[in-house]
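Quick note: the sequence shown uses the UniProt record's numbering, first residue 1, plus one each step.
Glycine included, each C-beta is placed from N, C-alpha and C at the ideal position.
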Amino acid sequence: MAQVDLTDVTEVSTEPGTLPETMSAWVIRQEREGEPIDAFQLEEIEVPRPGAFEVIVRVMAAGVNFNNVWAALGQPVSVFRSHPDEDHHIGGSDASGIVWACGEGVTKWQPGDEVVIHCNQASYEDVEVHGLDPLAAPSQQIWGYETSWGSFAQFTKVQAQQLIRKPDNLTWEEAASYGLTYFTAYRMLIDQCKLQAGHKVLIWGAAGGLGVFATQLCAGAGAKAVGVVSSTEKAQLVEQLGATGTIDRNEYRGMMRRGGESAEEEKARFKESRRFSKAVAEILGGPPDIVFEHVGQATFPTSVLTVKPFGKVVICGATSGFNLDFDVRYLWMRQKQIIGSHFANAWEATKANELIEQGLIRPVLWRTMGFEGVAEAHQLMRENKHLGKISILVGAEAEGLGRGVEGPGAIRAEVGG
Ligand SMILES: NC(=O)c1ccc[n+]([C@@H]2O[C@H](COP(=O)([O-])OP(=O)(O)OC[C@H]3O[C@@H](n4cnc5c(N)ncnc54)[C@H](OP(=O)(O)O)[C@@H]3O)[C@@H](O)[C@H]2O)c1
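In structure tokens:
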């Protein structure tokens with residue numbers, strides 16, 4: 001395996017329009033799946049070529065997401081099952097960058113264009129793409145998770161429909177930081193739950209990648225939100241983002257579902273969930289219309305209990321475990337709904353991006369790291385030591401570059417870690 005010289009990562013030997021032969025990339029291979037710090041390794045690898053309707057983007061900065069913690073771990077399933085034709089996994093589902101080469105059929109974008117990338121891919125030939133939703137297509141995949149050629153490399157390969165104009169008021173690292181989690185939160189709240197002014201919302205993990213955007217969307221829409229956090233620093237951030245109040249989950253440890261509890265333990269847990277529901281209702285002035293879920297097993301029974309009758313629990317993930325169980329009587333008797341949601345389509349991503357261009361929603365950056373930091377960043381995320389988002393500089397030589405016009409930029413979450 002060729003040695004990778006990290007001093008060269010910010011340089012490429014060709015001009016837009018021409019691709020070099022090789023590039024530096026952080027690569028996961030099946031035989032080393034495990035803790036992120038070991039699973040990710042630097043390799044020199046061939047630069048992919050664009051097929052029809054595909055684009056090669058030079059990555060200026062990449063965003064870190066929980067999905068490549070799962071990819072590193074090989075859990076709940078190995079990513080190599082999603083792309084069996086490639087023996088490498090280059091992760092990374094967020095990026096800002098410069099269009100470097102366009103495949104046949106691409107007319108909207110030219111080499112030199114500055115872009116951000118949304119992470120949904122689907123085949124143009126699937127009928128669901130043309131009238132239903134690309135998320136319903138059998139070919140649907142998350143780029144940089146279920147595909148290789150993600151953004152933790154000097155170049156990435158994407159479908160042309162994934163490109164969105166880079167907000168000119170953001171630096172490279174700010175622009176790379178928000179797409180996956182913000183667009184997911186946008187679909188969950190705006191499209192799936194029809195968020196309205198006056199709604200009351202409970203947001204789990206409100207200082208995390210999804211939560212910082214869910215909180216801002218609620219504030220922007222005139223909805224009241226209570227954010228769950230696990231430290232005072234996180235509570236301060238969430239209040240700064242416009243939450244009505246916060247709850248520290250350490251004060252309600254007993255409500256977390258662990259699985260395999262005895263009847264007595266179940267009873268005690270239920271009592272704690274009720275105490276939590278009461279605290280939520282006190283802050284919001286009533287039970288929530290919407291519960292924003294992604295924690296899964298530990299919190300789901302409390303979510304179903306806490307949401308108001310006819311309310312919605314919208315869920316897109318399960319950090320604490322995938323097997324959810326809850327007392328279903330609280331669902332049917334009170335006619336509550338559970339809504340599954342997964343990322344966003346290109347239309348939603350574009351509409352959400354306009355709010356970033358207007359400075360109405362802002363990226364929340366905790367840390368920007370150099371290209372050498374990819375494995376470490378995922379390990380920090382696995383250990384829940386971060387707030388908001390982490391960005392990785394790839395082509396950008398330093399922080400603060402790439403901004404064309406003045407704007408509010410990102411909110412800096414300086415504390416924690
Ligand atoms: N389907 C999709 O399209 C999609 C998109 C994005 C993310 N996801 C999934 O959603 C999950 C969250 O993503 P993210 O980017 O927001 O991750 P993140 O940045 O790690 O934030 C998640 C937050 O959840 C809280 N949390 C973690 N473990 C918890 C537990 N056991 N009990 C209660 N709270 C807990 C933590 O906040 P506190 O410690 O402050 O409580 C953490 O900050 C991940 O599993 C991810 O894979 C899915």
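What distance in whole Å lies between the Cβ atoms of residue j and residue i, which are believed to be in contact at a cut-off of 8 Å?
i, j, result
"residue 61", "residue 176", "4 Å"
"residue 418", "residue 97", "Any question about residue 418 goes unanswered here, given that the chain covers just 1 to 417."
"residue 108", "residue 160", "7 Å"
"residue 418", "residue 167", "The chain is shown only over 1 to 417; residue 418 falls outside these bounds and no answer can be derived."
"residue 283", "residue 226", "5 Å"
"residue 59", "residue 148", "Not quite, the Cβ-Cβ distance comes to about 14 Å (not below 8 Å), so this is no contact."
Determine which residues share a DSSP beta bridge with residue i and list them.
i, result
"residue 24", "44"
"residue 249", "Looking at the DSSP assignment, residue 249 forms no beta bridge with any residue, so it has no partner."
"residue 121", "141"
"residue 382", "Beta-bridge pairing links residue 382 to no other residue."
"residue 17", "Beta-bridge pairing links residue 17 to no other residue."
"residue 96", "61, 116"
"residue 337", "312"
"residue 200", "224"
"residue 293", "315"
Buried or exposed: where does residue i fall if 16 or more other Cβ atoms within 10 Å of its Cβ makes it buried?
i, result
"residue 250", "exposed"
"residue 6", "exposed"
"residue 132", "exposed"
"residue 122", "buried"
"residue 379", "buried"
"residue 263", "exposed"
"residue 347", "exposed"
"residue 19", "buried"
"residue 223", "buried"
"residue 174", "buried"
"residue 196", "exposed"
"residue 398", "exposed"
"residue 89", "buried"
"residue 157", "buried"
"residue 276", "buried"
Classify residue i as helix, strand or coil using the three-state DSSP reduction.
i, result
"residue 8", "helix"
"residue 179", "helix"
"residue 417", "Its pLDDT being 43, under 50, residue 417 is placed unreliably by the model, and the measurement read from it follows with that caveat. Three-state result, residue 417: coil."
"residue 29", "coil"
"residue 316", "coil"
"residue 152", "coil"
"residue 102", "strand"
"residue 57", "strand"
"residue 406", "coil"
"residue 224", "strand"
"residue 366", "strand"
"residue 264", "helix"
"residue 232", "helix"
"residue 219", "helix"
"residue 282", "helix"
"residue 397", "coil"
"residue 411", "strand"
"residue 271", "helix"
"residue 391", "strand"
Just checking: is the beta-carbon of residue i within a distance shorter than 7 Å of some beta-carbon in chain D?
i, result
"residue 148", "Judged by its chain identifiers, the structure shown contains no chain D, having just a single protein chain."
Would the beta-carbon of residue i be found less than 6 Å away from any heavy atom of ligand 2?
i, result
"residue 82", "Although ligand 2 was asked about, the structure shown includes only ligand 1 as ligands."
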